[in-house]
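Working notes, structure below.
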Amino acid sequence: MTADVLAKAQFALFLIDARDGLQPMDLDVGKWLRRHVPGIKTTVVMNKAELLDDINGSLAAAAGEAYTLGFGDPIALSAETGLGMTELYEALRPSLEDYVLQVAKDEDILGNCSSGDEDIGSKLPLQLAIVGRPNVGKSTLLNALLQENRVLVGPEAGLTRDSIRVHFQYEGRDIYLVDTAGWLERTKQDKGPSSLSIVQSRKHLMRAHVVALVLDAEEIARARRSLKHAEVVIARRAVEEGRGLVVVVNKMDLLKGRQNSKIYESVINAVPEEIQTVIPQVTGIPVVFVSALEGKGRVAVMCQVVDTYEKWCRRLPTARLNRWLRKVMSRHSWKDQSAQPKIKYFTQVKARPPTFVAFMSGKVQLSDTELRFLTKSLKDDFDLGGIPVRIMQRNVLRNSQGKNVATKITRSAGRTNERMVSDKRSLVALENTVSA
């Protein structure tokens, strides 16, 4: 595994203990590096150097000994006190500059993609975060998706403490895959590294384009419920942040056998139903049943991830949307003609996730029922199921010259009235202002 990782790296830090000096194992590691990855730039880092002194020559002696490893001048530092970190950053800078420039370029393109072409977002690297509670098989799933043993796995919970970001390609598409630490409930978090890992996991969830929520099939069968509280929190957080969501039910291999056939079927039927119950605002969230340990379900997961991402990036032409709007309004059975919403204009203002604006005549507002109807029709007619779809409402008023003016309707007190509405609950942004 180490050789495979180093083969893809541009830079390696060979860490030794400055207090103990060179050990036989250090010499063996140095020989192994020269033999297996001769092309990689390696720098020897002497940690715990705060205990050595320049005056009595102990630091110089340790540096001279480390130099014999054959990787050039070593860097002395103390990870605990921060001593020598500047020198380490300077050594890393040439290797990091190209990466930082590429990330900045991707972010510039990403910032402009909401107003660009329909396909521009799909050309950017896909950011996929694997999240879930501890010991549900997130790291095993990452290894299965990469088709290599990239991260350490085992039966113990909490093996992954830091989020691991890996780049790979799937059918010619660049994907950044992030394996996060297990998401614990706040009351059960320990102070220290565990809680910091959870904070880091949440940050990666916010930065992801698509979130893969991993569930444990064996736990579902045993508890007779699909999602625990922490998993509901993850799913709702992803949807509220406007991310695409794919649910992956792992460890299906543990439910095989005749004696488990009914349990197997009940899990397959129960999970989609419960997902729809706890996240009613987004219909059609894809659910994939896999065995990451056996490598089964990889293609199904990636197909759903890519499909969700492409929907998430989709842009619809304004002319097409307004033709669609006329058809939708005509096929709906209103109580009477006066009850039909007076939508003058309908357009998409951004993608990632798809966000639309309905311009209304006068001070009339769309009701929650009408918003749900429009959102459901959008998803059904344009195949946008499984992702958050947001609809904002703006009112068009006439000014003193008789011209139409799109405005926020403000209350007499001057406050802005903002409501969050979605297809079935509270996700679609609805912003209304009442003019004085």
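Position 180 of the sequence shown, counted from 1, bears residue number 182 in our numbering, the numbering being contiguous throughout. Positions of the beta carbon are idealized from the N, C-alpha and C atoms, including for glycine.
Residue i classed as buried or exposed, judged by whether at least 16 other C-beta atoms fall within 10 angstroms
i: residue 313; result: buried
i: residue 38; result: exposed
i: residue 218; result: buried
i: residue 144; result: buried
i: residue 57; result: exposed
i: residue 228; result: buried
i: residue 416; result: Interpretation of residue 416 is limited by its pLDDT of 28, a score under 50 that renders its predicted location unreliable; no figure is taken from the coordinates.
i: residue 354; result: buried
i: residue 356; result: buried
i: residue 293; result: buried
i: residue 84; result: exposed
i: residue 395; result: buried
i: residue 75; result: exposed
i: residue 279; result: exposed
i: residue 95; result: exposed
i: residue 66; result: exposed
i: residue 141; result: buried
i: residue 119; result: Here the model assigns residue 119 a pLDDT of 44, short of 50, so the residue's position is not dependable, and the following value carries that caveat. By the neighbour-count rule (16 or more Cβ atoms within 10 Å), residue 119 is not buried but exposed.
i: residue 4; result: exposed
i: residue 1; result: Residue 1 is absent from the structure shown; the chain starts at 3 and stops at 438.
i: residue 366; result: exposed
i: residue 318; result: buried
i: residue 163; result: In this prediction, residue 163 scores a pLDDT of 49, lower than 50, which makes its location untrustworthy; no coordinate-derived value is stated.
i: residue 245; result: buried
i: residue 333; result: exposed
i: residue 264; result: exposed
i: residue 362; result: buried
i: residue 288; result: buried
i: residue 385; result: exposed
i: residue 9; result: exposed
Residue i and residue j closer than 8 Å at C-beta
i: residue 147; j: residue 251; result: no
i: residue 79; j: residue 31; result: no
i: residue 241; j: residue 311; result: no
i: residue 81; j: residue 24; result: no
i: residue 236; j: residue 133; result: yes
i: residue 44; j: residue 93; result: no
i: residue 269; j: residue 222; result: yes
i: residue 135; j: residue 220; result: no
i: residue 175; j: residue 128; result: yes
i: residue 28; j: residue 18; result: yes
i: residue 255; j: residue 215; result: no
i: residue 20; j: residue 54; result: yes
i: residue 139; j: residue 230; result: no
Nearest neighbour of residue i, chosen from the options [CA to CA]
i: residue 130; options: 390, 308, 57; result: 308
i: residue 325; options: 315, 345, 274, 306; result: 345
i: residue 331; options: 321, 343, 322; result: 343
i: residue 322; options: 333, 305, 349; result: 349
i: residue 177; options: 210, 152, 153, 18; result: 210
i: residue 266; options: 234, 277, 226, 319; result: 226
i: residue 172; options: 6, 26, 306; result: 306
i: residue 360; options: 74, 71, 398; result: 398
i: residue 351; options: 320, 333, 371; result: 320
i: residue 22; options: 255, 50, 95; result: 50
i: residue 327; options: 380, 290, 279; result: 380
i: residue 77; options: 89, 70, 52; result: 89
i: residue 329; options: 15, 383, 142; result: 383
i: residue 258; options: 276, 291, 277; result: 291
i: residue 97; options: 274, 14, 367, 366; result: 14
i: residue 11; options: 40, 151, 370; result: 40
i: residue 249; options: 34, 261, 16, 277; result: 277
i: residue 370; options: 288, 364, 393; result: 393
*Counting pairs of beta carbons, one from the region 380 to 394 and one from the region 274 to 287, are three or more of them closer than 8 Å?*
The region 380 to 394 is in contact with the region 274 to 287.
_Does the region 289 to 306 come into contact with the region 367 to 387, if we say contact requires no fewer than three beta-carbon pairs (one atom in each stretch) closer than 8 Å?_
no
*Let me know the alpha helix (DSSP H) ranges lying completely inside the region 263 to 309, each 4 residues or longer, listed in chain order.*
263 to 280
*If you scan the region 29 to 71 from start to end, which runs of the alpha helix (DSSP H) of 4 or more residues do you find wholly inside it?*
Entirely contained in the region 29 to 71, the alpha helix (DSSP H) runs reaching 4 residues are, in chain order, 60 to 69.
*List in chain order: all unbroken beta strand (DSSP E) runs of 3+ residues lying wholly within the region 359 to 409.*
Secondary structure in the region 359 to 409: the beta strand (DSSP E) runs of 3 residues or longer, each lying completely within the stretch, are 392 to 400, 406 to 409 in chain order.
*Any beta strand (DSSP E) of 3 or more consecutive residues that is wholly inside the region 208 to 234*: 212 to 218
*Residue ranges of each beta strand (DSSP E) within the region 318 to 355, 3 or longer*: 345 to 352
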